[in-house]
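Chains as they are written, first to last, in the working numbering: chain A, 26 to 437; chain B, 3 to 113; chain C, 657 to 901; chain D, 80 to 255; chain E, 1016 to 1461.
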Amino acid sequence: MATLKIDDPRVIEFDVRTDEMLINMGPQHPSTHGVLRLVLRSDGEVVSDVEPHLGYLHRCAEKIGENLTARQWIPYTDRMDYLAAMNMNLGWSLVIEKMLEYDLPERGRHLRVIISEMGRIASHLVAMGTYGLDLGSFTPFLYGFREREKILNLFEEACGARLTYSYLTPGGATADLPSGWTDSCRQFLAEFKEVIPELHTLLTTNSIFVSRTAGIGVMSAKMAIDYGCTGPVLRGSGVYHDLRFHGEERYTEMYDGYIFDVICADPETGKYPESNYEFHGDSLDYPEIPRQAILGDCWHRFYVRMLEVVQSVRLVEQAIEKYEATSGDWGKPIRLIQKLPVKEAYMETEAPRGQMGFYVVGDGDSIPWRVRARSSSFCNLSVTAPLCQGILLADIPAIVGSLDVVMGEIDR
Amino acid sequence: MILIGTVSVSWYLAVGASLFVLGAVCMATKRNLLGVLMGVELVLNGANMNFIAFGSKVLRPEGSLGLDGQLIALFVIVLAAAEAAVALAIALNFYNNHNTVDVDRANELNG
Amino acid sequence: MNLLAVAWEYWHQSFFILFAACAIGFGFGVLLSKNVVRMAFYLVLSLGSTAGLFFLAGAEFVGAMQLMIYVGGTLVLLIFGVMLTAQKDFINMDTHTQDWILATIVGGSLLMVLLFAAFGAEDWSKPQDLTDAKIESTKEATPLGLALTGIRVDTLGDSGDAVKQGKSGYLMPFIIVSVHLLVVLIGAAYMARTKKLSRATDDKSSRAKLMLFKMEQETEQLEEETYVVTHRGQSALNRTDSQDE
Amino acid sequence: MSDIPLVAELRTKFGEGIIDVNLEAIDEWVEVTPQVLVEVCQFLKQAEGFRFDMCNSITVVDYLHTDPKKAAKVDWDPHLEVVYHLSSIATKLTLVLKVKIPRWKNGVEGDLPTVPSVAQVWATADWHEREAYDLSGVNFLGHPNLKRILCPDDWEGHPLRKDYEMPMEYHGIRNR
Amino acid sequence: MADFVDHILGLNDSWFGHIVAALVAAVLILHVVAVGALLFIWMERKISGRIQDRLGPTRVGGKYGWLQTLADGLKLIAKEDVTPDLADKFLFKIAPYVGLAASYAAFIALPFADGVVGQHVNTAVFFVLAVLGLEVFSVILAGYASGSKWSLFGAMREAAQVVSYEVPLGMCVVVPVMICGTMNLTTIANMQSGFFTNWLVFNDPFTFMTAIIYFTCATAGVNRAPFDLAEAESELVAGFHTEYSGLRWSLFFMAEYSSMFIVSALASILFFGGPHGPIPITEIVPFLSSGGLGDPAKQAFTESEGLLAGWDLGLIISRIIGVTNLLLKGLVGVTIMMWIRWSFPRLRIDQVMTMCLKYCVPLAAIGFLGATAWQALDLPTASSVIGTPRYKHHELWTADHNKDGSKEETISTPVLETPHEDDTHAEAKTVTENTVPVSVLRGGNQ
């Protein structure tokens, strides 16, 4: 950074002299998601730099992974991103199946698409609710959770749990979907389609929400990739990268035959792909982008999440038809003490918050030699320091909220 | 409750005078720059009291200043606001450059 | 019972004593308290009670004006100044004893002279008949407003020539004061800002960083690579012959 | 072996820096010597046809059998492996880089082995390397501020090491 | 009222009568504040519940949970009043009382119906605004006295916001004062009696705009809804009243709710006809219309004959209808504020400031200029087009007034004539040539 001489003409005059102070935001601050501690250097209004402190929720799940067999470690993956536990289980199951070259029956594949996309909807609803809470409006939080409760009821019917499911295991799922589940799921989707425009009016097109988020925390595509951001945070900056489309063979074959589009603005035109999907009668026309929103700011990240929910609804509808068309074995879980070959495998899946990677090194025994979980929020959070330079104190919750971080996943 | 007879102009003058003196003493003794400013405010209010006393028809129905008293009081209030703004600007400027508000230490004339 | 009844007829007098006691009492509070924030608060109460005295003297408009402009505006400004400067050792600054003795002597004598003058003049202390009806009738808001705009409605009938036409209003001073206020406030705002960099933190202070951060952003041209891709990702190593399938 | 375009380019550019290429593994990987690691990474990031601009994760695998019986059966001697998973947004390709380093610096217990840091190449490596240093005890040379990220700053030992002993108590709190 | 008490106790004009009269008025107003706060807290929970698609309190005291506020109150009273050791004890304790006193004092000059007002203050509007301005001191003192830098931030921010929003608030209030020619709230309310087109809000497009701006600035001045920076939980952990707990904290809330009510009551008096409903029941129903508006004889409380002088039932009922009318309008205003609070996120401090300086002040200025032009050019207003006859006062300052020195202005007979047809100053012509034909609309003899 160029050093600043006193008589440098570019020196901007300051108003009344204020002393810099170190302010602790967290770890139990209401607006930081979970136990994140931000040490701010600020003079009261303008924050000069932010340093996140992690590790308050660190349980060293990777060390425990070295003493448990593959299926025994599933409950630990639930507790990483506890708002989208289904997608975590999916990631771990796929890595083990990749290692064992285990192929999943057709019905199991469609079951996994239904469950992971429903998990994505539930997680994005929480993201929207907490972001509204950060900016001071309490109502979206309750609207989001009202819908999420319905999804949790469906999950409870399927696997008995409401938060940490351990439902998708290596080899398929612990149990098949109960009869009648798909009908209640269709009914939920029908109701949910009415609510989505309501959620948009609540926050997305709300003029105060736009003035609080548009143009704040702008992150260029190059910076997003450099800091390893993935998922809605990356696509919010206009990078066309979605693992469901561009992921590994074994993961993308799960989505074979499904029609859905990747929500990402085209960097030149800044336009999002048209929603040609017919949606409860009239096609849901996405709310248009406000004037002051710049590609890569908080508003776009939030907007990408809201549109992804529509795509997930579309996916689940198709998956239900495909699931009901198939019958028979839905993919029973592998044996508890399944021996792992002396190999290693790394697999990333598109979790709601970004790319969740699992790396397994086997040594012939049923207990893996080394287990590693690459968390998406870990990299997304690393962007706060450069983004939060020289902003106002009130913008910090806006930026951290738009990154939608979950501490369980970061601290593992 | 002593009987001071009806409230007359001289009582208002007495209150005005005491406020005036309080303000003057406060200006003299306070070491904090802002304390001096507060003294000035008290002095101005003392003066206002006299204007209102002479100008009020209640206290002196005949021969009173009439509306002039109150008008001048209005002008005093407005100008006091302006004066306070300038005085505070000087005080903050002084605080920022010399890092102190102590009146005794303000002896150099520069900066 | 009768004596008290008589005394109470002059409620005007009792309220006067109440407000006067508040004004002078809190005035002393300002004088004696060491903590500058307490001084500010006592000043607010003292000026509030003087506003009460103005109401009692029938000057309603000036009383409300005092409450709003003086207490609500000037003293808020003063308290802002107090808040910004009252750090650590500047809050309690007690004065030296010899200043006190000197000040009380001079002040006391000045007070005696003034009180003597106040009560000396016979014309000023003539008791008036202060029944309720009298208070009600003095409504001057409108004449006051008109006087400011130049038409002296209340002195219409007086004999003096200029006064007769009611033209001796206060239009000129009214305009001068408004322009004066404008100039003063702009000057004060200009003077209040600090010219130099905040010394405490040199170039690491937040505003300096903000400035540099913005400069860097413009200079560093972000080369936008377009990331439009067709085929699926797979390991780079197992592609044998041509680059793209 | 050398007919794969990427490996051919790497060989021509870095010669014996590239130790071996394993194609039979599920995820093919390239092993590289620590000295030449940073140049390889820079090359991979700018290489025209590949452009690995995202470093997905940096993992440290500790190869050490604590009980002698198993140690005898295994053909490798105790060492650490730093595994870099790279991927490219532009060309949607993935690659695994490996660097083998001794468990302790020139055999002295307690001295952390060193690997040059790639934080200058990818900004995300900054936090990944701090976590690797914190949990597995690898000293990354040239890292901007290498200090613990997950464990408390005054924690001794590196939990993910195979021979790690949990301290009896930490600040008066009994651990075991 | 005082004489009514004397009448019962057989004393003549005793001091006891005066005190009882004052007490009755004070307690009545206290009820409006206390019961109002109770009601508003319950309303806030119910309305926020409805907005968020849930029920709100339903268990405490019956189906609608209307005892919920009592439960809150008991809880708050039971809580221990903690004073942080860093705090400046005296200021810390006195801050909430300053806030409550300020917002309570404003009720003195607020007329609930034609004659039902605490104290006839000729400059009532100015007085209410001045007293509301004092509330900022309680915030500053609370912030400073709590000792912690968090609450100091909150206090400084809010003080800056409240002080800067007083400017547009003052400018918006000047418009109705200018149209009615007087600052006396009772007269302004009486001017809007009759059909609702007489309301000032429909007077001309500029006053309509000013009414909206007034309401926004009032919400900001009272620190509610999108402007409530002080308790921005997400950043500064409940702003200036972080350190307060128990009864003191509830006093802050009481002050906030009572100033919310005053501001919306003021809005309804200035723009929405105050005690006069959309359909003038008191004028239509012959039985009730015995009490002419603004007639000095028919004033309540402070006047000599007193409210229940001749047991004029019609007068009493029309006053009661007026009071309920105003309370309902105040309630509607408060509901709108709560409605806004639960559906909008919060603004940043600099956005609040820019909104004040860049939007509210210029718009208020335009409103003011427009309304003046509309009056000066005498363009058709809603009441002149389809208005029903309304109370019209007329202030005349002529030379002969001052000759007898008794300053008895001619009381313009409060006859209801349609405006603008007597603009020829009929009376003025007969007066001597040194009359200053200043036709200034002035209230009756209050």
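Backbone N, C-alpha and C define an ideal beta-carbon position, used for all residues, glycine too. Source: prediction; values computed, not measured.
Buried or exposed: which applies to residue i, given that a residue is buried once 16 or more other Cβ atoms fall within 10 Å of its Cβ?
| i | result |
| --- | --- |
| A:N178 | exposed |
| B:K32 | buried |
| E:P1126 | buried |
| A:T226 | exposed |
| A:R132 | buried |
| A:E223 | exposed |
| C:E778 | exposed |
| A:W324 | buried |
| A:I314 | buried |
| A:S204 | exposed |
| B:E43 | buried |
Using DSSP with H/G/I as helix, E/B as strand and the rest coil, what is residue i?
| i | result |
| --- | --- |
| D:E110 | strand |
| A:S73 | strand |
| C:Y846 | helix |
| E:T1212 | helix |
| A:C184 | helix |
| E:N1205 | helix |
| B:Y14 | helix |
| C:K860 | Unreliable positioning characterises C:K860 in this predicted model, as indicated by a pLDDT of 47, which lies under 50. The coordinate reading is nonetheless provided below. C:K860 falls in the helix class under three-state DSSP. |
| C:F671 | helix |
| D:T193 | strand |
If you compare alpha carbons, which of the options is closest to residue i?
| i | options | result |
| --- | --- | --- |
| E:Y1119 | E:D1129, E:A1040 and E:L1091 | E:A1040 |
| A:M124 | A:I435, A:G389 and A:C413 | A:G389 |
| C:L723 | C:V738, C:S702, C:G737 and C:F736 | C:S702 |
| A:V386 | A:R378, A:M372 and A:P377 | A:M372 |
| A:H83 | A:D429, A:S400 and A:A410 | A:S400 |
| A:P165 | A:I99, A:M153 and A:V71 | A:M153 |
| D:K124 | D:W201, D:N254, D:L214 and D:E208 | D:W201 |
| A:L119 | A:P422, A:E278, A:Q343 and A:G295 | A:E278 |
Within the continuous alpha helix (DSSP H) that includes residue i, where are the two ends?
| i | result |
| --- | --- |
| A:S427 | D420 to L428 |
| B:N50 | L35 to G57 |
| D:K149 | P147 to K152 |
Please tell me whether, using a cut-off of 7 Å, the distance from the CB of residue i to the nearest non-hydrogen atom of the ligand ADP is below it.
| i | result |
| --- | --- |
| D:G236 | Although the ligand ADP was asked about, the structure shown includes no ligands whatsoever. |
What residues are listed by DSSP as bridge partners for residue i?
| i | result |
| --- | --- |
| D:H158 | D:Y142 |
| C:L709 | Answer is none; C:L709 lacks a bridge partner. |
| A:L65 | A:I48 and A:V75 |
| A:R397 | A:Y384 |
| E:G1292 | According to DSSP, which records beta bridges pairwise, E:G1292 is partnered with nothing at all. |
| A:M372 | A:F383 |
| A:F270 | Partner(s): none; A:F270 has no beta bridge. |
| A:G197 | A:T194 |
| D:H164 | D:S136 and D:V175 |
Could you spell out the range, first to last residue, of the beta strand (DSSP E) harbouring residue i?
| i | result |
| --- | --- |
| A:N49 | M46 to M50 |
| E:P1111 | From DSSP, E:P1111 is part of no beta strand (DSSP E) but of the alpha helix (DSSP H) over K1104 to A1120. |
| A:I146 | Counting along the chain, A:I146 falls outside any beta strand (DSSP E), though it belongs to the alpha helix (DSSP H) covering E131 to D159. |
| D:T173 | L172 to I180 |
| D:D99 | I97 to N101 |
Against chain F, does residue i count as a neighbour if the rule is that its beta carbon must be under 8 Å from one of theirs?
| i | result |
| --- | --- |
| E:T1098 | In the displayed structure, chain F is absent; the protein chains listed are A, B, C, D and E. |
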